[in-house]
Amino acid sequence: MATMRISIARHGANPLRPASGNGNFTYFRPGVAQPSKWHQHRSLSTSTSTSPSPAGPPIKSPVIFSGIQPTGVPHLGNYLGALREWVKLQDSAEEGTKLLFSIVDLHALTVPQDAKQLRTWRREAFATLLAVGLDPKRSTIFYQSSVPAHTELMWILSTVASMGYLSRMTQWKSKLQLPEDASLEDSEARAQLRLGLFSYPVLQAADILIHRATHVPVGEDQRQHLEFSRYTANSFNHLYGDIFPTPEALISPAKRVMSLKEPNNKMSKSHADPKSRILLTDSANEIKKKVKVALTDSEPKISYDPTNRPGVSNLIEILSHFEGVTCQEIASEYETASLRSLKEHVGSRIADSLAGIRERYLGIMDDKSGYLDSVAREGGEVAQASADLTMRKVKKAMGLA
Ligand code: AQP
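Position in the sequence shown counted from 1, then plus 1, gives you our numbering.
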């Protein structure tokens, strides 16, 4: 199936406006063979046009939704791949754009969790969203589990979701450490797989569609899930009428920040080795130490070659996301320098860039006034009202009201 990419301006411009330049933020539009004027207008414009749409209802204003699992303290990959982009979208969104960001705690349950630990991680993740710059006056920030309509819609969507599609998805296989070609017929898969892990993409589709989101900013690893959400929205609309917009993925320029210890795998909260990731709460010293011991190679010169030199290339990519220059430019600048000096520069750059976030995070976690809980409560109420509006439409369309 053909795909189409549209680059949209990022620096200093509203990322939801059509742009002619080479912006870094990438629109990914699965399953759309031909770019059409209508598609661009409908997806990018923030005007109040209500022109009829071939799929989904007319869009009045953009609705941006995204989430993060509280499966550990958010790391540099979460930041560059998602959180930093959320803040940019928030800060440049036109009036009327709805912004919702969720701690998707129900998703964390797809693998067994310790209750005390999960309680801590939920708060830490919430504090991190505030610390990176999400503003509760502009964005609705909430715990997914405080809005029961997410799970109510999940049930409804599961009546249109395809088992065949779900069984081909990679997340359940990678979480169970099964090969990519594993199928539901394999005895190991049958023994280990739980319904929640298998049907997790349906809950993710519900998270997005319950707020009738038009844009979903995520890292590259979520691309497949976004395609599933689009497919599910269209399946529902086909049966019951145009209720859900078809959500567009906004893929961050930092598509996939890699592990510092296994640079062929993405940086991840749940990897066993804490040195594989930089936490947004790490001190400058911790960050520098982790970068110093990052796995690289013993080639004498610095070059950017992700296939043959994934470790060095990952460090160069990280630096490029902070300095706003290309990887080739960094590689040429450091060509004859030592790996040690590159690592020192990368470590310092990350530490300096994250220092403010860490400071704000510690302040929020230390706060005794109940600030975090009150933001979460208010966010939950606003998100519930947004979800209720959609559920009324869904129930009416299906004969439940
Ligand atoms: N390494 C990464 N590079 C770029 N983007 C990333 N994201 C996650 N890892 C990277 C993006 O961060 C957002 C929130 O992700 P999540 O925590 O909900 O789920 P995840 O992708 O499964 O993240 P982790 O860290 O790997 O968690 P665990 O270990 O629990 O599975 C998403 O937009 C994601 O794309």
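No residue lacks a Cβ here, since even glycine has one placed at the ideal position from N, Cα and C. Keep in mind it's a predicted model, so treat the numbers as computed, not measured.
Practice task
Indicate, with yes or no, if the ligand AQP has a heavy atom lying under 8 Å from the CB of N265.
Solution key: Checking the Cβ of N265 against the ligand AQP gives no.
Exercise for the section: Taking all protein chains shown into account, decide if H239 is buried (16 or more other Cβ within 10 angstroms of its Cβ) or exposed. Expected result: By the neighbour-count rule (16 or more Cβ atoms within 10 Å), H239 is not buried but exposed.
Practice task
Could you tell me whether the Cβ atoms of A352 and I303 are closer together than 9 Å?
Solution key: Not a contact, by the Cβ cut-off of 9 Å.
Exercise for the section: Mind listing which residues have their beta carbon within less than 5 Å of any non-hydrogen atom of the ligand AQP? Chain order is fine. Expected result: Taken from the N-terminal end onward, the list reads I69, Q70, T72, G78, N79, G82, A83, V219, G220, D222, Q223, R257, V258, K267, M268, S269, K270 and S271.
Problem - Run of the alpha helix (DSSP H) containing E189, from where it starts to where it stops - result: Unbroken alpha helix (DSSP H) run through E189: S188 to Q193.
Problem - Residue nearest to L131 in terms of C-alpha spacing, selected from R85, A207, M170 and Y305 - result: For L131, the nearest C-alpha among the options comes from R85.
Problem - Per-residue DSSP class, three states only, for I142 - result: Residue state, collapsed to three classes: strand.
Problem - Sequence-distant residues of its chain with Cβ nearer than 7 Å to T173 (five each side left out) - result: According to the sequence displayed, residue 173 carries Trp and not Thr. The residues are L194, L198 and F199.
Handout entry: Selection from H272, S339 and H322 that minimises the alpha carbon distance to E300
Key = The residue with the shortest Cα to Cα distance from E300 is S339.
Practice task
Using 10 angstroms around the beta-carbon of P311, count the other beta-carbons present and answer buried if the total reaches 16, otherwise exposed.
Solution key: Here P311 is buried, its C-beta having at least 16 other C-beta atoms within 10 Å.
Handout entry: E324 burial status per 10 Å Cβ neighbour count (16 or more: buried)
Key = Sixteen is the threshold: since fewer than 16 other Cβ atoms of the shown chains lie within 10 Å of the Cβ of E324, the residue is exposed.
Problem - Backbone CA spacing between A295 and K262 [nearest angstrom] - result: Whole-angstrom Cα-Cα distance: 6 Å.
Exercise for the section: Measure how close the beta-carbons of F66 and V217 come, nearest whole angstrom, since I'm counting them as under 8 Å. Expected result: Rounded to the nearest angstrom, the Cβ distance from F66 to V217 is 6 Å, consistent with a contact under 8 Å.
Handout entry: Cβ neighbour criterion (16 or more within 10 Å) applied to Q70
Key = Only buried fits Q70, as 16 or more other CB atoms lie within 10 angstroms of its CB.
Problem - Sequence-distant residues of its chain with Cβ nearer than 7 Å to G73 (five each side left out) - result: Apart from the 5 residues on each side of it in sequence, G73 sits with its Cβ closer than 7 Å to the Cβ of W122, K270 and S271 in its chain, given in chain order.
Exercise for the section: Could you tell me if E318 is buried or exposed, where buried requires 16 or more neighbouring beta carbons within 10 angstroms of its beta carbon? Expected result: A residue is called buried when at least 16 other Cβ atoms come within 10 angstroms of its Cβ; E318 meets this threshold and is buried.
Exercise for the section: Scan the stretch 317-355 and note each continuous alpha helix (DSSP H) run of 4 residues or more that stays entirely inside, going in chain order. Expected result: Along the length of the stretch 317-355, whole alpha helix (DSSP H) runs at least 4 residues long occupy 328-335, reported in chain order.
Exercise for the section: Would you check if there are 3 or more beta carbon pairs closer than 8 Å linking the stretch 88-96 to the stretch 273-285? Expected result: No contact exists between the stretch 88-96 and the stretch 273-285.
Problem - Spatially closest choice to A214 from N286, Q329, E249 and N265, by CA coordinates - result: Nearest C-alpha to A214: E249.
Exercise for the section: Counting only the same chain and skipping the five closest in sequence on each side, list residues whose C-beta sits under 8 Å from that of I331. Expected result: Taken in chain order, the residues that qualify are Y305, I317, L320, S321 and E324.
Exercise for the section: Kindly provide the ranges of any alpha helix (DSSP H) runs that are 4 or more residues long and lie completely inside the stretch 146-220, ordered along the chain. Expected result: For the alpha helix (DSSP H) assignment, the uninterrupted runs of no fewer than 4 residues enclosed by the stretch 146-220 are, from N- to C-terminal side, 150-159, 164-169, 172-176, 188-193 and 196-210.
Exercise for the section: Give the DSSP-derived three-state secondary structure of E249 in the structure shown. Expected result: In this structure, E249 counts as strand in the three-state DSSP scheme.
Practice task
Identify whether K267 lies in helix, strand or coil by the three-state DSSP scheme.
Solution key: Of the three classes helix, strand and coil, the one that applies to K267 here is strand, per DSSP.
Handout entry: DSSP three-state assignment for S67, whether helix, strand or coil
Key = Three-state result, S67: strand.
Handout entry: Cα-Cα separation between G400 and D283, rounded to whole angstroms
Key = The alpha-carbon of G400 is positioned some 52 Å away from that of D283.
Practice task
Identify which residue in F237, Y201 and S175 has its Cα closest to the Cα of L158.
Solution key: When each option's Cα is compared against that of L158, the closest is F237.
Practice task
Output the boundary residues of the alpha helix (DSSP H) element that contains D375.
Solution key: In the sequence under discussion, the amino acid at residue 375 is Ser, which differs from the Asp named in the question. Y372 to M399 is the span of the alpha helix (DSSP H), which, as asked, contains S375.
Problem - N-terminal and C-terminal residue of the beta strand (DSSP E) that S103 is part of - result: Note, S103: beta strand (DSSP E), K99 to I104.
Handout entry: Outcome for N309 when other beta-carbon atoms lying within 10 angstroms are tallied against a minimum of 16
Key = It counts as exposed.
Exercise for the section: Buried or exposed for W87, please, with buried defined as at least 16 other CB atoms from any protein chain shown within 10 angstroms of its CB. Expected result: Looking at its Cβ environment, which holds 16 or more other Cβ atoms inside 10 Å, W87 is buried.
Problem - 6 Å Cβ shell around Q385 - same chain, five flanking residues per side excluded - result: Answer for Q385: V148, listed in chain order.
Exercise for the section: Taking the CB atoms as reference points, tell me whether V383 and T141 lie closer together than 9 Å. Expected result: The answer is yes: Cβ separation under 9 Å.
Exercise for the section: Check the C-beta distance from G412 over to V105 and give it rounded, since I have them as a contact under 8 Å. Expected result: The question about residue 412 has no answer, for the chain in this structure spans 2 to 402.
Exercise for the section: Keeping to the same chain, check which residues put their C-beta closer than 7 Å to that of V347; ignore five residues upstream and five downstream. Expected result: If we look at V347 and ignore the five residues flanking it on each side, its Cβ neighbours are V292, L316, I319 and L320.
Practice task
Keeping to the same chain, check which residues put their C-beta closer than 6 Å to that of T49; ignore five residues upstream and five downstream.
Solution key: In this prediction, T49 scores a pLDDT of 30, lower than 50, which makes its location untrustworthy; the coordinate-derived value is nonetheless stated afterwards. Apart from the 5 residues on each side of it in sequence, T49 sits with its Cβ closer than 6 Å to the Cβ of K61 in its chain, given in chain order.
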